[in-house]
Amino acid sequence: MGVFLFFRWFMNTKQIFLFFLLFFVALIVMTLPIWIDKALPIMRNSINSAGKTFEEMLVSLKYISERLSQDVTKMMDKYL
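In this text, residue positions in the sequence shown follow the working numbering: the first is 645, and each later residue adds one.
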């Protein structure tokens, strides 16, 4: 509350809001490299774990596509 009253002497409410908004945006931009450095190992682990099950996902996608293609052809035969 004291900080707000201090800024109230110099700026109106809209200017105070914009000041704090720009301050937080600058803070996020300045600390972004730290966040990226912490996120890279997590992203690598996610990619590696997803790569282990890629063959299983490919098999299930082929099964689903075959089922859909059969069902669509059966439906088209009914209407043609």
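Every residue gets a Cβ at the ideal spot worked out from N, C-alpha and C, and that includes glycine. It should be emphasised that the depicted structure is a prediction, and the values quoted were computed from it without experimental measurement.
M655 carries a coil assignment under DSSP once its states are collapsed to helix, strand and coil. Here the alpha carbons of L671 and I680 stand approximately 14 Å from one another.
Across the structure, I660 and M674 are spaced so that their CA atoms are roughly 21 Å apart. Take the alpha-carbon of K658 and the one of F664: they are about 10 Å apart.
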